[in-house]
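Residue numbering for the sequence shown follows numbering that gives the first Met the number 0, starting at 0 and increasing by one per position.
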Amino acid sequence: MADSFNRNTLTPSQAEQMRALGVLALTVNLTPSFENVVRRHNEQVTTIEAIAKDLNEDAQALATNGTFILVVGGVVAVGLGLFVGYLLATFLSRNITHIANVATQAAGGNLQARAKI
Numbered sequence: 000m001a002d003s004f005n006r007n008t009l010t011p012s013q014a015e016q017m018r019a020l021g022v023l024a025l026t027v028n029l030t031p032s033f034e035n036v037v038r039r040h041n042e043q044v045t046t047i048e049a050i051a052k053d054l055n056e057d058a059q060a061l062a063t064n065g066t067f068i069l070v071v072g073g074v075v076a077v078g079l080g081l082f083v084g085y086l087l088a089t090f091l092s093r094n095i096t097h098i099a100n101v102a103t104q105a106a107g108g109n110l111q112a113r114a115k116i
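Printed below as a string of structure tokens:
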């Protein structure tokens with residue numbers, strides 16, 4: 000292949016064609032095509048960055064909603080726990096409160112007071 004470009008082995012018409020090819024290669028301006036490719040690449044990168052930003056904002060919104068739901072759920076669970084605890088304590092202490100009231104009446108002189116057990 001290297002011999003095909005040797006000036007001594009080329010015919011005059013081949014040498015002229017090689018010279019014309021070299022001139023053509025030097026005169027073809029690839030800058031506009033290259034700049035077009037670079038511009039399109041930059042547009043794609045910008046588009047991808049915008050999409051990533053939108054996805055990040057969506058993920059942030061989902062995370063915020065999830066956090067809000069967890070906090071509200073926790074507050075509701077604590078409130079329900081306190082309410083159920085209050086009801087259970089009231090139910091269990093009702094008889095003890097009744098006995099304490101009867102004992103107070105007996106201490107006050109009402110010897111007829113009786114506790115219902």
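Backbone N, C-alpha and C define an ideal beta-carbon position, used for all residues, glycine too.
Remember, predicted model here, so these are calculated numbers, not experimental data.
Test item: CB-CB of residue i and residue j under 9 Å
i: Val101; j: Ala88; result: no
i: Met17; j: Leu25; result: no
i: Ala114; j: Ile98; result: yes
i: Ile68; j: Asn94; result: no
Residue span of the alpha helix (DSSP H) that contains residue i, given as start and end
i: Ile98; result: 30-106
DSSP three-state assignment for residue i, whether helix, strand or coil
i: Thr26; result: helix
i: Ala14; result: helix
i: Ala19; result: helix
i: Gln111; result: coil
i: Thr8; result: coil
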